[in-house]
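S.K.: Quick one: the structure is below, questions incoming.
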Amino acid sequence: MPLQKLFHNAAGTVKGIFGGNRSGKTEEGAEYVLDKGLKKKLRIWCVAETFADSVSIQQRKVWELVPKDQIKYGYYDEINGFRNRKLVLKNGTLYIFKSYDQGREAFQGDDIDIIWNDEEPPYDIYREQRMRLIDRNGEMIITMTSINGVTDLVHEIFENHTVIKSEYAPLADKELPRIVEKNGMQFFLFWTTENPYIDQSRTQKEASLMTSQEIMSRIYGVPINLAGKIYMKFSTNVHVIPFEHVPLSECCIYFILDPHDRKPWAMCWMAIHKTGTCYIFDEYPNQNFNEMLFDDKTYDEYVGIINEKEANLAEIGARNTYRRIIDPNYGNKTERLAERQGGQSKTTPKNELKKRGLKFVDGIDTIEAGHLKVREYIHYEIKDDEIVVQPNLFITENCENTIRHMSRYSRKDILATDGDVKDNVKPMDKYKDFCDLVRYGLMSNPKYAEGGKVFTPQPRKVY
952 MPLQKLFHNA AGTVKGIFGG NRSGKTEEGA EYVLDKGLKK KLRIWCVAET
1002 FADSVSIQQR KVWELVPKDQ IKYGYYDEIN GFRNRKLVLK NGTLYIFKSY
1052 DQGREAFQGD DIDIIWNDEE PPYDIYREQR MRLIDRNGEM IITMTSINGV
1102 TDLVHEIFEN HTVIKSEYAP LADKELPRIV EKNGMQFFLF WTTENPYIDQ
1152 SRTQKEASLM TSQEIMSRIY GVPINLAGKI YMKFSTNVHV IPFEHVPLSE
1202 CCIYFILDPH DRKPWAMCWM AIHKTGTCYI FDEYPNQNFN EMLFDDKTYD
1252 EYVGIINEKE ANLAEIGARN TYRRIIDPNY GNKTERLAER QGGQSKTTPK
1302 NELKKRGLKF VDGIDTIEAG HLKVREYIHY EIKDDEIVVQ PNLFITENCE
1352 NTIRHMSRYS RKDILATDGD VKDNVKPMDK YKDFCDLVRY GLMSNPKYAE
1402 GGKVFTPQPR KVY
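First residue of the sequence shown? That's 952 in my numbering, and the numbers climb one at a time after it.
Next comes the structure, spelled out in structure tokens:
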């Protein structure tokens, strides 16, 4: 296939194949690492999901393709694969077969020329593997069918890519990408329908039993979030802007808070312009929220953070905060104080913040209606490479948690174990916190206000 040749010759330290089931992606991966290893002495890792997969898929394919007269050390049988998980060629090239079920520690402390991951690696293993390539300026190839939803890896290497080449896909009845690029990484999409060694009439029959998403993923290799990405329209290329592009002096400010008793409090500041455009332009914490296991700050410490943030924003032209919105669930949760204060032994976060000068109103917590409201604000339309319908929500580049959560917020697996589609699938918790802030802010029907009064555009006179 021409696409295989293009993959083989593509430059870059990371490249890969997103392939449908039985699209030939594993065979191309094996051919690639064997071709490289036969030309030059290299250290190569071949990595599969499990040891059983390594033996039955990766090692079997390598054994089929390797020239037997070039083997220096390689004892192979179909049950156990290569003895000691190793194959050595006469020129000194060493192939080591690994699997993700060995854990991250198995990928530490070595320097490698090529790593071939057959199917998607866990993100922590992927990051560890990248470190192993630094000393030898090595390369990584990934051959995979993406069916795991919005993963950290798929987000990093594929979402918001640039399409280099596309082609009409009959079973999906739409134009689909064949070659994409992102941050110097190239990925090639192999189609099951192009494999000449399988019965394509059966492929057609199988496709007739699949959902449109499954066809995209399992036939055409397109990484599709089968778990149901909630804000499919959100794009960092469209919705993320430089901080300097926010007209702060022309906006009123909303502050949205989602307090917790174990995790850090999640906060964001939203600017609302006269036109109705909203800008998320600051947040707390200013580090990766998902890596913070707990936060032991007191009410006074959090109020100090809020006041300091808003004093700094005022120095760069932001107006005083017009409205403060709090998660109605935890914000009104009854908490017991450590000591009696004025005869009261119980309180709520909302009351404690009011005592310290910060008055909050409850956010509206209707989840599905909130999702629809956010989708309404982020909606845009493109025609001839031009945005002809602008979104009404933008996020500045410094709000990394909000961007990360909006990009990855998804539902739990929509498919039951028997293959049926579930009726009611709740969102996953991992990336919900800052999406909740956005939802509370937009469900409050944010309006521009001056001097405590909501700005109402005057109707044009008709003469």
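Don't be surprised by glycine CBs; every beta carbon is placed ideally from N, CA and C.
Predicted model, so just to flag it, every value in this text is computed and none were measured.
Do the CB positions of residue 1065 and residue 1180 come within less than 8 Å of each other?
M.R.: Not in contact: residue 1065 and residue 1180 (Cβ atoms no closer than 8 Å).
S.K.: Keeping to the same chain, check which residues put their C-beta closer than 7 Å to that of residue 899; ignore five residues upstream and five downstream.
M.R.: Only positions 952 to 1414 of the chain appear in the structure, and residue 899 is not among them; the question remains open.
S.K.: Just the Cα atoms here: how many angstroms apart are residue 1161 and residue 1172?
M.R.: Roughly 14 Å separates the two Cα atoms.
S.K.: Quick check: the Cα distance between residue 1419 and residue 1261, rounded to an integer number of angstroms?
M.R.: With the chain running from 952 to 1414 in the structure shown, residue 1419 is simply not present.
S.K.: Can you tell me whether residue 996 is helix, strand or coil according to DSSP?
M.R.: The answer is strand: DSSP assigns residue 996 an E or B state.
S.K.: Does the segment 1199-1210 come into contact with the segment 991-1006, if we say contact requires no fewer than three beta-carbon pairs (one atom in each stretch) closer than 8 Å?
M.R.: Touching, no.
S.K.: Measuring straight from C-alpha to C-alpha, what distance separates residue 1192 and residue 1231?
M.R.: Near 10 Å, if we compare the C-alpha coordinates of residue 1231 and residue 1192.
S.K.: For residue 1000, which of 1048, 1315 and 971 has the nearest alpha-carbon?
M.R.: Comparing Cα-Cα distances from residue 1000 to each of 1048, 1315 and 971, the minimum goes to 1048.
S.K.: Are the CB atoms of residue 1125 and residue 1109 nearer to each other than 8 Å?
M.R.: Against a cut-off of 8 Å, the Cβ pair of residue 1109 and residue 1125 comes out as no contact.
S.K.: Please go through the segment 1258-1320 and give each complete alpha helix (DSSP H) segment of 4 or more residues, from N-terminal end onward.
M.R.: List check, alpha helix (DSSP H) in window: 1279-1282 and 1300-1306.
S.K.: The beta strand (DSSP E) that contains residue 1037, what's its start and end?
M.R.: Per DSSP, residue 1037 belongs to the beta strand (DSSP E) from 1037-1040.
S.K.: How should residue 1426 be labelled, buried or exposed, when 16 other C-beta atoms within 10 angstroms of its C-beta is the threshold for buried?
M.R.: Because the chain here runs from 952 to 1414, residue 1426 falls outside it and cannot be looked at.
S.K.: Give the DSSP bridge partners of residue 1120, in chain order.
M.R.: Note: residue 1120 sits in a beta bridge opposite 1125.
S.K.: Can you find at least 3 beta carbon pairs, one from the segment 1346-1357 and one from the segment 1181-1190, that sit closer than 8 Å?
M.R.: Segments in contact, yes.
S.K.: Roughly how many angstroms lie between the CA atoms of residue 963 and residue 1303, to the nearest whole one?
M.R.: Distance between the alpha carbons of residue 963 and residue 1303 is about 55 Å.
S.K.: Roughly how many angstroms separate the alpha carbons of residue 1278 and residue 1197, rounded to a whole number?
M.R.: Straight-line Cα distance between these residues: approximately 26 Å.
S.K.: Once the 5 residues before and after residue 1117 are set aside, which same chain residues still bring their CB inside 8 Å of it?
M.R.: 1126, 1127, 1128 and 1129.
S.K.: Which residues mark the beginning and the end of the alpha helix (DSSP H) in which residue 1155 is found?
M.R.: Start and end: 1151-1159.
S.K.: Tell me the residue span of the beta strand (DSSP E) that contains residue 965.
M.R.: First-last of the beta strand (DSSP E) with residue 965: 965-970.
S.K.: Roughly how many angstroms lie between the CA atoms of residue 958 and residue 1266, to the nearest whole one?
M.R.: Residue 958 and residue 1266: Cα-Cα distance of roughly 52 Å.
S.K.: Measure the CB-CB distance between residue 1170 and residue 1158 and report whether it falls below 8 Å.
M.R.: Closer than 8 Å, so yes.
S.K.: By the three-class DSSP mapping on this structure, what secondary structure does residue 1211 have?
M.R.: Residue 1211 falls in the coil class under three-state DSSP.
S.K.: How many Å lie between residue 1153 and residue 968 at the Cα?
M.R.: Taking the straight line joining both Cα atoms gives about 23 Å.
S.K.: Look up residue 991 in the DSSP assignment and say whether it is helix, strand or coil.
M.R.: Three-state result, residue 991: coil.
S.K.: Mark residue 1032 as exposed unless 16 or more other C-beta atoms lie within 10 angstroms of its C-beta, in which case mark it buried.
M.R.: The residue in question, residue 1032, is buried, as its Cβ has 16 or more Cβ neighbours within 10 Å.
S.K.: Just to confirm my understanding: we take residue 1073, look at its own chain, exclude 5 residues before and 5 after, and list those with CB closer than 7 Å. What are they?
M.R.: So the list reads 1051, once near-sequence residues are dropped.
S.K.: Taking the straight line between their C-alpha atoms, what separation do you get for residue 1177 and residue 1401?
M.R.: With a pLDDT of 47 at residue 1177, under the threshold of 50, the modelled position of this residue cannot be trusted; read the value that follows with caution. When rounded, the distance between both Cα atoms is 45 Å.
S.K.: Is the separation between the beta-carbon of residue 1321 and that of residue 1276 shorter than 8 Å?
M.R.: Against a cut-off of 8 Å, the Cβ pair of residue 1276 and residue 1321 comes out as no contact.
S.K.: Going by beta carbon distance, what residues of the same chain come within less than 7 Å of residue 1076, once the five residues before and after it are set aside?
M.R.: Contacts found: 1051, 1055 and 1058.
S.K.: Three-state secondary structure (DSSP) at residue 1015?
M.R.: Here residue 1015 sits in helix by DSSP.
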